[in-house]
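Chemist: Chains as they are written, first to last, in my numbering: chain A, 1 to 261; chain B, 1001 to 1639.
Where a beta carbon is used, it is the ideal one built from N, C-alpha and C, also for glycine.
1. Taking only beta-carbon positions, decide if residue 1372/B is within less than 9 Å of chain A.
2. Just to confirm my understanding: we take residue 1190/B, look at its own chain, exclude 5 residues before and 5 after, and list those with CB closer than 6 Å. What are they?
3. Compute the beta-carbon to beta-carbon distance between residue 1274/B and residue 1340/B, rounded to the nearest angstrom, for a pair I have assumed lies under 8 Å.
4. Can you confirm whether residue 1397/B, when its beta carbon is compared against all beta carbons of chain A, has any partner nearer than 9 Å?
5. Indicate the three-state DSSP secondary structure (helix, strand or coil) for residue 124/A in the structure shown.
6. For the stretch 1130-1141 of chain B, which residues have a beta carbon sitting closer than 9 Å to at least one beta carbon of chain A?
7. What residues match up with residue 201/A in a beta bridge as DSSP calls it?
8. If we cut at 9 Å on Cβ distances, does residue 1437/B have a partner in chain A?
9. Can you give me the C-alpha to C-alpha distance between residue 1471/B and residue 1432/B, rounded to a whole angstrom?
10. Among residues of its own chain, excluding the 5 on either side of residue 120/A, which ones have a beta-carbon nearer than 6 Å to its beta-carbon?
11. Quick one: is residue 1605/B near chain A, going by C-beta distance under 9 Å?
12. Residues of chain B with CB under 8 Å from residue 203/A, in chain order?
13. Establish whether the CB of residue 213/A and some CB of chain B are separated by less than 9 Å.
14. Which residues in the same chain as residue 1467/B place their Cβ atom closer than 7 Å to its Cβ, once the five residues preceding and following it in sequence are excluded?
15. Among the residues of its own chain, which have a CB less than 8 Å from the CB of residue 1495/B, if the five just before and after it don't count?
16. Verify whether the separation of the beta carbon atoms of residue 135/A and residue 150/A is less than 9 Å.
17. Using beta-carbon positions only, say whether residue 1350/B and residue 1417/B come within less than 9 Å of one another.
18. Just to confirm, are residue 68/A and residue 1414/B a CB contact at a threshold of 9 Å?
19. Which one of 1445/B, 1270/B, 1367/B has the shortest CA to CA distance from residue 1357/B?
20. Decide if residue 74/A is buried, meaning its Cβ has at least 16 other Cβ atoms within 10 Å, or exposed.
21. Taking 8 Å as the line, does the beta carbon of residue 1505/B fall inside it for any heavy atom of the ligand HEM?
22. Leaving out the 5 sequence neighbours to the left and right, which residues in its chain are closer than 8 Å to residue 1111/B when beta-carbon positions are compared?
23. Have a look at residue 1456/B and residue 1020/B and give me their C-alpha separation to the nearest angstrom.
24. Under DSSP, the alpha helix (DSSP H) around residue 139/A begins and ends at which residues?
25. From the beta carbon of residue 72/A, is the nearest beta carbon of chain B less than 9 Å away?
26. How many Å lie between residue 1089/B and residue 1060/B at the Cα?
27. Is the stretch 1388-1403 of chain B close to the stretch 1359-1378 of chain B, with three or more CB pairs under 8 Å?
28. What residue does the alpha helix (DSSP H) around residue 40/A start on, and which one ends it?
29. What residues in its chain sit with their C-beta under 7 Å from that of residue 1464/B, if we drop five residues either side in the sequence?
30. Quick check: what's the CA-CA separation for residue 175/A versus residue 1113/B?
31. Give the single residue among 1064/B, 1612/B, 1484/B whose Cα lies nearest to the Cα of residue 1014/B.
32. Please determine, among 1369/B, 1184/B, 1355/B, the residue with the shortest C-alpha to C-alpha distance to residue 90/A.
33. Strictly by DSSP, which residues pair up with residue 1256/B?
34. So residue 174/A contacts chain B; which residues on that side make the cut at Cβ distance below 8 Å?
35. Going along chain B in order, which residues have a C-beta closer than 8 Å to the C-beta of residue 77/A?
36. Would you say residue 163/A faces chain B, with C-beta separation under 9 Å as the test?
Structure, rendered in structure tokens:
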């Protein structure tokens, strides 16, 4: 029955469409500038998924388009279609092939996740304090306090330890492709290695009240020497009431092998 | 007047409302006075003298309106009012405003009520898009804006998408399985009347000090535990919507399991019945979780319990686990009935048996099982234990498999069929396949932890959720409403206006929600009243398409109202469908069937010589009937 279909032609059109869509979609830089070692890995994963998704989308479009072109009822045709109830081989195929695709996607994502959260021994720790509606940062065992401005040296891994004072906030620097909620009562962590000099924006992405949309901070990635100089100029330690809100580390380290702990 | 207050109805309902409210208010005042507390506690989260009456007044209304009359009389040993069926059927529009136990009346009550809230929620969306058309603050301030998107989402989810499916199924499902009514008609009526209460509570939050709840539909603690009074109205509204939903689901389960016509074994059930069976399984087990968690928030707010008060030992992330343990299955509660509708529409309008019927049914069950194991994919960046992320990612991606089976099976159904596209229902079904495929693809991407870390809580998520909820669920709702409109109203709708609505909706949906993917990936977070100027042009474009989308819905509204009143009379079976609801008149007789029909085959036997789905009771005398009660004979299956 289905042998009557121009299966090869449909597949060919699907492939052509896949290539065309992928070519356009992959050439666009969706996620914006890449400014951390994690960013290109995440963007490559996205590109691979775009190609696979283009195939699935093209397949659905070609099947739908062909069906509408070929099997549309003529005006006044009241007859029924052919009584086909299914095809076991086809049904197995469209169960198994998507399963393989998504399991590949899952495995690949897992590998990327492990890779981007891998910790190095020389990492620098920065404490992040968030409250309605401001960010501040503690350096050097909280002896240095920077309000509204986050400075980090380039090409060095940073571990952010995040503390929320009132409600949940979320730490997002789009160019770093990193996001982590700051949760009151627990300390969450995120790891990132900035690898591009420049000024970026830290954006709160968890609804935290009327000032949510303006809860931003400036992020400066600078050469090591410049960073040291900036840090040396800071004399204020982090106020005790911020640290007082700090509590036990309930979250397991994001770096722990993802499958285990 | 006294007689009116004794009869169940609006007067006694109003009296019950006042008495219930007064009781709640008095209780709070008395208890606080006895305890030596300040009588009116008006801290931000407090107001017990408002919150408690907000529970008791609606209950008083329900009692006064007559929802409990039969049960109370029975429980008290009083003579119950003999079932004279005066509460069945509707002869004028007034009958739709009464406590009515007829599943067909309740179905229409549901659909009309939920569409009312759809238009209110849509209006809120228009305000949101008006504010977002330009960066900066033009129309509403940030607090009001937060209230707008919160109430928009809550109205759309809790009093539109979830219950409108219950409404369509309420009307169609008993007919489809050859049952005279639902299993528990009085419970059914009570379920419906709890629904407008939920919607009114959500909207009433605009009137209280502090304004509407503004913590999103997710109401994350501790933002919600410290929010102004409006949040309590959200907590309570969810209780009424949830109770309504659970009772309806139990009703569907019992109806489907025990009231199928003779011969309708499970492999002869139409897929809409399968879909509602699956949905009901989700609702009865998952909905109690959101009811519970909203009570916990309410208790934290009013009774100063410490479920989520982190500074007193509460666990903030626990809220999200409980919330999503309901709210992810809820995504499927909002989608599976739509899958059922699409199966009916596509099979009927392509004159083809459903391709792989059994796998279609099993895919629904597969989704039910898997959907309980994916909730934490909403929490990849929330600070939960990190090892939980990968297993949740795998189950999340796997759920694409049964969903893919459904998409491919619908496409397989189209092949070698006779596809009719004159019906707006079929147009929406075909467009659904396209938009839902895209929504599914972005869903798979969101399921991958590294991508989710970047796009979580951005406009990418807003785009995804609207592609699956608007391009998905709402398209299926339109398909269902157009498909069964002739059956429900006995009138035909205007196909030309239907096509205007269809194209306006499709273009509006794509124009509004496609660019949202891009701005989200590029750095625009969700739930913001203001945004960087770089996204200004895209947002203006999105707003323009959103207004087109809104305007298209007015065409739908006009079409429905005018066609219901003046449309040409509908035949019993205008789509020449095989399932049982089309074998009775449009609208069906008050008690559905004179004799219970006998099911003798599958529901989609198009083109199978001699096959038929059902033998209707009056079939022997069908020659004498002016309007043929069956269309099954068109397949040459007459005996």
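Modeler: Judging by the given coordinates:
1. No, its Cβ sits nowhere closer than 9 Å to a Cβ of chain A.
2. In its chain, beyond the 5 residues on either side, 1067 have a beta carbon closer than 6 Å to the beta carbon of residue 1190/B.
3. Yes, residue 1274/B and residue 1340/B are in contact; Cβ-Cβ is about 7 Å, under 8 Å.
4. Closer than 9 Å: yes.
5. Strand, per DSSP.
6. Residues passing the 9 Å Cβ filter: 1141.
7. Answer by DSSP bridge pairing, in chain order: 218/A.
8. Interface annotation, residue 1437/B: in contact with chain A, CB-CB separation under 9 Å.
9. Computed Cα separation, rounded: 6 Å.
10. Excluding residues within five positions, the ones whose Cβ falls inside 6 Å are 157.
11. By this cut-off, residue 1605/B is an interface position.
12. Going along chain B in sequence order, the residues near residue 203/A (Cβ under 8 Å) are 1523, 1525.
13. True, the Cβ-Cβ gap to chain B drops below 9 Å.
14. Taken in chain order, the residues that qualify are 1435, 1438, 1439, 1442, 1513.
15. So the qualifying residues of the chain are 1422, 1423, 1424.
16. Yes, these two residues count as a Cβ contact at 9 Å.
17. By the CB criterion at 9 Å, residue 1350/B and residue 1417/B fall inside the cutoff.
18. Contact annotation: residue 68/A and residue 1414/B have beta-carbon atoms nearer than 9 Å.
19. Closest by alpha carbon: 1270/B.
20. Burial is judged here by how many other beta carbons sit within 10 angstroms of a residue's own beta carbon; residue 74/A has fewer than 16 and is exposed.
21. In the structure shown, the ligand HEM is absent, as is every other ligand, since no ligand is present at all.
22. The beta carbon of residue 1111/B sits closer than 8 Å to those of 1164, 1167, 1168, 1171, 1481, 1488, all from its chain and outside the five residues before and after it, given in chain order.
23. Across the structure, residue 1456/B and residue 1020/B are spaced so that their CA atoms are roughly 44 Å apart.
24. For residue 139/A, no alpha helix (DSSP H) run applies; the uninterrupted beta strand (DSSP E) run containing it begins and ends at 134-139, by DSSP.
25. It does: the Cβ of residue 72/A has a partner Cβ on chain B nearer than 9 Å.
26. Note on geometry: alpha-carbon atoms of residue 1089/B and residue 1060/B lie some 26 Å from one another.
27. Result yes; three or more Cβ-Cβ pairs closer than 8 Å.
28. Residue 40/A -> alpha helix (DSSP H) spans 38-70.
29. Setting aside the 5 residues that flank it on each side, residue 1464/B is surrounded in the same chain by 1439, 1442, 1443, 1446, each with a C-beta closer than 7 Å to its C-beta; the list follows chain order.
30. CA-to-CA, the gap between residue 175/A and residue 1113/B works out to about 46 Å.
31. Considering only alpha carbons, the answer is 1064/B.
32. When C-alpha distances from residue 90/A are compared across 1369/B, 1184/B, 1355/B, the shortest belongs to 1355/B.
33. The partner list for residue 1256/B (beta bridge, DSSP) is empty, contrary to what the question assumes.
34. Neighbours of residue 174/A on chain B, chain order: 1454, 1522, 1523.
35. Chain B residues near residue 77/A: 1418.
36. Closer than 9 Å: no.
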